[in-house]
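Report on the following structure.
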Amino acid sequence: MFRKALVVSNLLAVCVVVAGSAYAQTVDEIVAKNLAAKGGVEKLKAVQTLRQTGSITLQGQVAQLMTVAKRPNLSRQEISIQGQTITMVFDGSKAFMLNPMVGPDPIEMPTEQVEMIKDQADIDGPLMDYKMKGSTVELVGVEDANGRKAFHLRVTRKGLPPTELFIDSQNYLDVKAVTTVPGSGTMELLFGDYRAVDGMMVPFSVKSSAAGMTISELKLDKVEFNVQLPGNTFKVK
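The sequence shown: position 136 = 1501 (the numbering used here), numbered continuously.
Okay, here's the thing in structure tokens:
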């Protein structure tokens, strides 16, 4: 009986140490492991351009999607559905949308959405050099996220609502992100189907939801780094 009690006691002690080690990690340690898991700072910073192609399901309809990005913060997104292509471009200062189902001319996006579009055009993501960007990252705790034990980080950036980012405590890849989208409320993103592309880990599946309802499901077919882009890529017409 004493031996059994001793074994149980030792197991409990090990569990406490393991659980404690998860909490003992600092924000910078978690961020460093996250960047390393994605491929490492050197490889990530070597990416100058990015092109992704795939499909996105919106309200039961499947559309083809193509997004491109270029440093420092240029982006273009095309969604093709029902024979029409909706284009959104960010040229580094202004964002425009061209929707032929609405009219022939591009529409400048409202100011409150521009900062978020600019942020999404950042190839590095919110954690790379976050201090240099003027952001703060806080470790909220360790929680369940989509069935995974994850570090809950709160990322606060200039001019944007905080983003709740959940990092898998085992592989240190992003599991979930929760943020506030102007005009849409709180949005939850679930990342999955990670694949290695040129030595970097990329989520090929992203599901978005709001108020407990699925909004879209993105499935990538191809991800390309450092591709040559035409000079007019980031012009709306």
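A virtual CB, placed ideally from N, CA and C, is assigned to each residue, including glycine.
Non-local C-beta neighbours of G1419 in its own chain, meaning closer than 6 angstroms and more than five positions away in sequence, comprise L1430, K1584, L1585, D1586, ordered along the chain. In the structure shown, V1592 adopts coil according to DSSP, grouped into three states. When C-alpha distances from Y1495 are compared across F1599, D1456, V1392, V1601, the shortest belongs to V1392.
Secondary structure in the stretch 1383–1440: the beta strand (DSSP E) runs of 3 residues or longer, each lying completely within the stretch, are 1414–1423, 1426–1435 in chain order.
Note on geometry: alpha-carbon atoms of V1520 and Q1485 lie some 14 angstroms from one another.
Nearest Cα to E1503 within the set G1490, Q1442, Q1447, F1531: F1531. Taking the Cβ atoms as the reference, Q1426 lies roughly 6 angstroms from I1446, within the contact range of under 8 angstroms. The C-alpha of L1538 lies about 6 angstroms from the C-alpha of A1402. Residue state for D1509 is assigned as strand, using DSSP reduced to three classes. Rounded to whole angstroms, the separation of the alpha carbons of V1505 and Q1442 is 33 angstroms.
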